[in-house]
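In terms of the working numbering, the sequence shown opens at residue 93 and continues consecutively.
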Amino acid sequence: MTDFSQLDVFQKPESVAVIGATERTGAWGSFIMQGLLSGGFPGRIVPVNQRGGTVYGLRAYKDLRDYEGTVDLAVLTIPEVSVEAAIGACAEKGVRGITIVTAGFAETSPEGAKKQTAITALARSKGIRLVGPNVSGTFNLHARFVAAAPRSRHLKISPLAATCQGGYAIYDLMASAAARGMGVGRFVHTGNETDLTVTDFLEYYGQDPEVQGVAMYLETIRDGRRFFETARRVTRVKPVVVYKGGRTPGSARAARSHTGALAGSAAVFSGLFRQAGVVVSPTMELLFPLAHALIERPPMKGRRVGIVTMGGSWGVALADSLEEAGLVVTELGPRTQARLREVGMPEHASTRNPVDIGASGLYFDAGVMTGVGRAVLESGDVDGLILHGVGRPGLIGEDTPDPIRGITETEKEIVRAYAAMEKEFGLPVIVAGRYTPWESQVVFDLNQEGYRIMDRLDETAQTLALMHQRWQDLNGRA
């Protein structure tokens, strides 16, 4: 069992030393300093470098031991040849944890692996816990602690935590998620995992009542039995979503040079993840949207999906994606179809499922649109609903005509109504469209309000299918 107090230092330190601090553009010592300062870290920041002077207005020390106060966490952004000496200085100073950003260890060569073994032994002998080496940092937005790459400044706070063996690509995903109104509140990049591993932080986040779900990017699992035992415990109380890299020979080679990981059998990992209740994301891009869906939406208790669409072809394609993912686009019952006629669907429009609003010309009537959704959700014919086609193309500018502005507001009203019905009926309602937040003002505005608008048919279907898998796993385990 992990001593969680030892991991607190990487998520809520009271003082941080940046060894290798600098103002040089593009340097990690600058990135980490910028993250701490722009994130509003409330504790003490201690820059350390060979020249002294000041770094971003703070006094810099030539040696950490020259600083008179206490230091909880040190972040090393120095050449690998200097890391061992820096750990020794940290030990003399009473530092409890060290994040080693520096690369050039086991991920590079046998000689690098020997260096990694040496620094690990030194830290262990001094009672210091290590994250890394070869990492991009850690953050806890809830504590205003950001010792990470600069893109982390653009994130949105949320009850989702992430622990990953990869770094910068994950920041890309988090930045993209932020534009869609999603965020990651706590993050640790474990890198080469010479000491602390993803398993330690999975267990740590699992016992934290403020964390509602955990997202993970993995290339290997170094402590397999413990990982799966931990995952099985954690997934009983909160979802764990994993994207597993290194599944093919080519990506496995890339993983070895990236984090020094031995990737392992994809089939074996897949089976073990399922047994442990872990949800496996089929793509990296879906990792955070899927995790958000699992912590935010009602459970998908069955396989039946209703579709309300703005175009028949989109409905056909979405039905294909859903059934290929293992779900069922069931025909709505006679009573439900009659009810759809009563709320405003004309005789020539399809009400069988998909419900084709596009043919009726009623999309911009918020009352009818809400009535259609209510009729499907209260029917008992479906376990979840997809509203597809939201979001006119184009962004709103000063010269945008008033009619277009009015349509935009009507679309927002419709989505808000469907979100309210999701809560009312306790069934998942996914809203999807054809455009990203950068292509549609409606999609951008709704995402910023917290309404998730998906823009790919396959990912929409996969999300509902994996939500159903999560429900099955929870209800099929002792």
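Glycine residues also receive a C-beta, built at the ideal position from the N, C-alpha and C atoms. All values derive from a computational prediction rather than experimental measurement.
7 Å Cβ cutoff met for residue 293 and residue 280
yes
Write down the C-beta distance between residue 481 and residue 460 rounded to the nearest angstrom, noting that I regard them as a contact closer than 8 Å.
The beta-carbon distance between residue 481 and residue 460, rounded to whole angstroms, is 14 Å. This is too long to meet the 8 Å contact definition.
Just mark residue 359 as buried or exposed, buried being the case when its beta carbon has 16 or more other beta carbons within 10 Å.
exposed
Fully enclosed by the stretch 358 to 425, which alpha helix (DSSP H) runs are 4 residues long or longer?
DSSP runs (the alpha helix (DSSP H)) wholly in the stretch 358 to 425: 358 to 367, 379 to 388, 404 to 416.
Can you find the residues in the same chain that come closer than 7 Å, C-beta to C-beta, to residue 608, ignoring five residues on each side of it along the sequence?
With the chain represented from 93 up to 570, any question about residue 608 goes unanswered, as that position is not in the structure.
C-beta contact flag for residue 558 and residue 371 at 7 Å
yes
Among 316, 214, 210, 223, which one has its Cα closest to the Cα of residue 363?
316
Buried or exposed: which applies to residue 176, given that a residue is buried once 16 or more other Cβ atoms fall within 10 Å of its Cβ?
exposed
Alpha carbon to alpha carbon, how far is residue 549 from residue 479?
11 Å
Reduced DSSP secondary structure (H/G/I, E/B, other) of residue 246
helix
Identity of the residue in 144, 142, 157, 106 nearest residue 132 by Cα
106
Limits of the alpha helix (DSSP H) - the one that residue 504 falls within
Start and end: 494 to 517.
For residue 335, name the three-state secondary structure that DSSP assigns.
Three-state result, residue 335: strand.
Since residue 560 is in the alpha helix (DSSP H), which residue starts that stretch and which ends it?
549 to 568
By DSSP, does residue 137 sit in helix, in strand, or in coil?
strand
Give me the residue from 204, 168, 382 with the minimum Cα distance to residue 190.
168
If you drop the 5 nearest sequence neighbours on each side, which residues of the same chain put their C-beta closer than 7 Å to that of residue 206?
none
Under DSSP, the alpha helix (DSSP H) around residue 317 begins and ends at which residues?
316 to 326
How about residue 311 and residue 257: do their beta carbons lie closer than 7 Å?
Their beta carbons are under 7 Å apart, which means residue 311 touches residue 257 by this criterion.
Sequence ranges, alpha helix (DSSP H) only - wholly within the stretch 214 to 266, length at least 4:
none
Apart from the five residues just before and just after residue 114, which ones in its own chain have a Cβ nearer than 7 Å to its Cβ?
121, 122, 141, 147
Is it right to say residue 375 is buried, meaning 16 or more other beta carbons lie within 10 angstroms of its own, or is it exposed?
exposed
Am I right that residue 396 and residue 300 are in contact with their C-beta atoms under 8 Å? What's the rounded C-beta distance?
Not quite, the Cβ-Cβ distance comes to about 35 Å (not below 8 Å), so this is no contact.
Tell me, please, whether the stretch 486 to 497 touches the stretch 407 to 416 by the rule of three or more beta-carbon pairs shorter than 8 Å.
No, because fewer than three Cβ pairs between the stretch 486 to 497 and the stretch 407 to 416 fall closer than 8 Å, the two stretches do not touch.
Could you spell out where the alpha helix (DSSP H) holding residue 189 opens and where it closes?
First-last for residue 189: 189 to 192, but that is the beta strand (DSSP E), not the alpha helix (DSSP H).
Any contact of the stretch 230 to 237 with the stretch 198 to 216, i.e. 3+ C-beta pairs under 8 Å?
no
Which residues does DSSP list as the beta-bridge partners of residue 448?
401.
Delimiting residues of the alpha helix (DSSP H) encompassing residue 310:
Not the alpha helix (DSSP H): residue 310 falls in the beta strand (DSSP E), residues 305 to 310.
Based on the DSSP secondary-structure assignment, which residues constitute the bridge partners of residue 532?
According to DSSP, which records beta bridges pairwise, residue 532 is partnered with 486.
So who's on the other strand from residue 211, going by DSSP bridges?
For residue 211, which the question treats as bridged, DSSP gives no partner whatsoever.
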